[in-house]
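Undergrad: This is the structure I have questions about; it appears just below.
Numbering (my numbering), first residue to last: 176 to 290.
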């Protein structure tokens with residue numbers, strides 16, 4: 176008899192019990208206002224579909240997460256707003272607290288960084 180190295184029954188149970196966002200390392204902001212604390216400086220992340228990405232380690236709802244977003248080209252982009260926030264805070268993001276306001280127009284989210 177072939178010995179299996181994986182218990183499919185146990186793995187199936189884990190999959191059935193999975194809840195989105197639970198245990199996820201990544202933060203995907205939903206509509207509303209979110210109090211956030213930066214735990215790192217902005218870092219380059221793996222590109223997504225050949226588009227440059229950045230990541231920021233954050234504390235949201237007492238959970239450490241990683242927030243990734245595209246390297247935008249305008250001051251209104253999430254990237255542009257985060258860079259402006261760091262500029263206002265003497266070029267440091269780590270330990271800066273701010274609010275992320277997310278509005279969904281039915282098609283996409285728009286982000287406003289207040290801090």
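No residue lacks a Cβ here, since even glycine has one placed at the ideal position from N, Cα and C.
Grouping DSSP H, G and I as helix and E and B as strand, with all else coil, what is residue 207?
TA: In the structure shown, residue 207 sits in a strand (DSSP, three-state: E or B).
Undergrad: What does the Cβ neighbour count give for residue 297, buried or exposed, with the cut at 16 atoms within 10 Å?
TA: No answer is possible for residue 297: the residues shown for the chain start at 176 and end at 290.
Undergrad: Provide the residue span of the alpha helix (DSSP H) that contains residue 257, from first to last.
TA: Residue 257 -> alpha helix (DSSP H) spans 253–263.
Undergrad: What does DSSP give as the partner residue(s) for residue 180 in the beta ladder?
TA: DSSP output for residue 180 lists no bridge partner at all.
Undergrad: Find the nearest neighbour of residue 199 within the set 280, 238 and 223, judged by alpha-carbon distance.
TA: Closest by alpha carbon: 238.
Undergrad: Quick one: grab the DSSP three-state call for residue 271.
TA: Here residue 271 sits in coil by DSSP.
Undergrad: Would you kindly work out how many angstroms separate the C-alpha atoms of residue 219 and residue 253, rounded to a whole number?
TA: In a straight line, the C-alpha of residue 219 is about 14 Å away from that of residue 253.
Undergrad: Which term fits residue 244, buried or exposed, when burial requires 16 or more other beta carbons within 10 angstroms of its beta carbon?
TA: Flag for residue 244 reads buried.
Undergrad: For residue 201, which of 232, 266 and 289 has the nearest alpha-carbon?
TA: It is 232 whose Cα lies nearest to the Cα of residue 201.
Undergrad: Could you check what DSSP says for residue 217 in three-state terms: helix, strand or coil?
TA: It is coil, neither helix nor strand.
Undergrad: What is the rounded straight-line gap between the Cα of residue 211 and the Cα of residue 277?
TA: Taking the straight line joining both Cα atoms gives about 13 Å.
Undergrad: Can you tell me where the beta strand (DSSP E) with residue 229 in it begins and where it stops?
TA: It spans 226–235 - the beta strand (DSSP E) in which residue 229 sits, taken as one unbroken run.
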